[in-house]
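Scroll down for the structure; my scribbles are underneath it.
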Amino acid sequence: MRNHQDNLRNEPVGSLLFRLSFPAALGMAVQASYSVVDAFFVGWGVGHEGIAAVSMAFPLQMLLMAAAQTLGVGGASLLSRSLGAERRKRAERTLGTVFTCTWILGILFAAVAIPSAPFVLYFLGAGEGVLPLASEYARALFRGAPFFAFSIVANNFVRAEGNASFAMMTMLISAGINTLLDPLFIFGFEWGVRGAALATVAAQTATALWLAWYYLARKSAVRLRLKNLPPRAILLKETLSVGAAAFFRQAASSLSLIVVNGSLAALGGGAAVAAYGIVNRLLLFAVMPVYGIVQGLLPIVGFNYGAKQFCRALSAMHRSIASATVLCTAGAAVLFFFPGESLDFFTSSPEVRRVGMDAASILAPGMLVTGFQIMASGLFQALGKAGPSFVLSLLRQV
3 MRNHQDNLRN EPVGSLLFRL SFPAALGMAV QASYSVVDAF FVGWGVGHEG
53 IAAVSMAFPL QMLLMAAAQT LGVGGASLLS RSLGAERRKR AERTLGTVFT
103 CTWILGILFA AVAIPSAPFV LYFLGAGEGV LPLASEYARA LFRGAPFFAF
153 SIVANNFVRA EGNASFAMMT MLISAGINTL LDPLFIFGFE WGVRGAALAT
203 VAAQTATALW LAWYYLARKS AVRLRLKNLP PRAILLKETL SVGAAAFFRQ
253 AASSLSLIVV NGSLAALGGG AAVAAYGIVN RLLLFAVMPV YGIVQGLLPI
303 VGFNYGAKQF CRALSAMHRS IASATVLCTA GAAVLFFFPG ESLDFFTSSP
353 EVRRVGMDAA SILAPGMLVT GFQIMASGLF QALGKAGPSF VLSLLRQV
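Shown next as structure tokens:
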């Protein structure tokens, strides 16, 4: 495992960034296929009401993602900087602290979200036609909250030590299981939206077990030791400080989506919510590879910043911005010039298609500057500078 750290220190920046970012970007694109695959099978198996139901529940899932990313991004930044400074004990203590807090987070979220889902969804604007489906989906989905949270955090740590190929394999396994089980549960067992949720839970559970094996079998560069599991306040504080930007970015996205969904439900009903949900998933699918580039960038910048090799960190940043801009521009072009064809993949409803095309024409141009903003925020996260990262993340949602 020392070889991963030698590569972070000595390998040419261009090849190192590609080697770490490409698997992460591919893995994040595969991960984004979760929501796209769910929308496809739910759309044809349940109808646009099913897509609307899944879309109404999605902001709640994003809140869990926000909390998990706080621990994952903040802890990964601390771990990579500790490895770069050759402070291995500190890295191992960070691992134990964050893992314990992650399981506590997931269990508490499930305990609160499962019984309260119908009331929360009603408050968020789910109408009579959508509320029963949205509640059924959310209650089934949040059974896997502890496994989902652990998968997010642990995979961030795997990337932070430079093992991008294993992180990519993890996402491929997760998405593959979800894709196989979705049609079986929705069409074969006729479970509808509940089937889509349970397919996701099964995939998340398998992913968590796979990552647990990675650490328990000592495949990691950082040992998971029993004595390091009790949380240490000073490490948790630094983790939360650095990861706060990731939290507010996700939380702001969730809040924005809550406001939009509520407004659309009141003005246009389930068809409008479904249309926006489809467009939002397509945008997410285009943006997620950029977050993969960020995941590849973080260990390079964090390690070399800790090792005081600042030119390498700056070179990696320049290359990352260029790559992210190209990806976002390509995604924006597809959605802007081919909105109808994209929507037809999910539904045959003329009303959903009409509203979705209007939404795509408005939202797609904003993608042109998204890559730069995400990369700049990621750089500050890697450097442990939570303030600027937080401001950039928040401005994107305003």
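Each step along the sequence shown adds one to the number in my numbering, with nothing skipped, and position 384 is 386. Glycine is no exception: its CB is placed at the ideal position from the N, C-alpha and C atoms. Please read these numbers as outputs of a predicted model, since none were measured by experiment.
Exposure of residue i, with buried meaning 16 or more beta-carbon neighbours within 10 Å
i	result
residue 211	exposed
residue 364	exposed
residue 22	buried
residue 313	exposed
residue 328	exposed
residue 164	buried
residue 236	exposed
residue 394	buried
residue 306	buried
residue 320	exposed
residue 347	exposed
residue 277	buried
residue 138	buried
residue 40	buried
residue 184	buried
residue 186	exposed
residue 94	buried
residue 227	exposed
residue 373	buried
residue 324	exposed
residue 114	exposed
residue 389	exposed
Continuous alpha helix (DSSP H) stretch holding residue i: start and end
i	result
residue 314	312–339
residue 215	194–218
residue 116	90–125
residue 239	235–308
residue 82	50–86
residue 24	15–47
residue 351	Where residue 351 is concerned, there is no enclosing alpha helix (DSSP H), given that its DSSP letter is neither H nor E.
residue 133	133–143
Residue i - DSSP class collapsed to helix/strand/coil
i	result
residue 381	helix
residue 3	Residue placement at residue 3 is flagged as unreliable, the pLDDT there being 49, under the threshold of 50; a coordinate-derived value is accordingly withheld.
residue 167	helix
residue 343	helix
residue 371	helix
residue 150	helix
residue 129	coil
residue 232	coil
residue 391	helix
residue 222	coil
residue 161	helix
residue 189	helix
residue 178	helix
residue 356	helix
residue 11	helix
Any non-hydrogen atom of the ligand ZN closer than 7 Å to residue i Cβ
i	result
residue 304	Looking at this structure, you won't find the ligand ZN or any other ligand, since it has none at all.
Minimum Cβ-Cβ distance from residue i to chain D less than 8 Å
i	result
residue 202	As a matter of chain content, chain D is missing from the structure shown, which is built from one protein chain.
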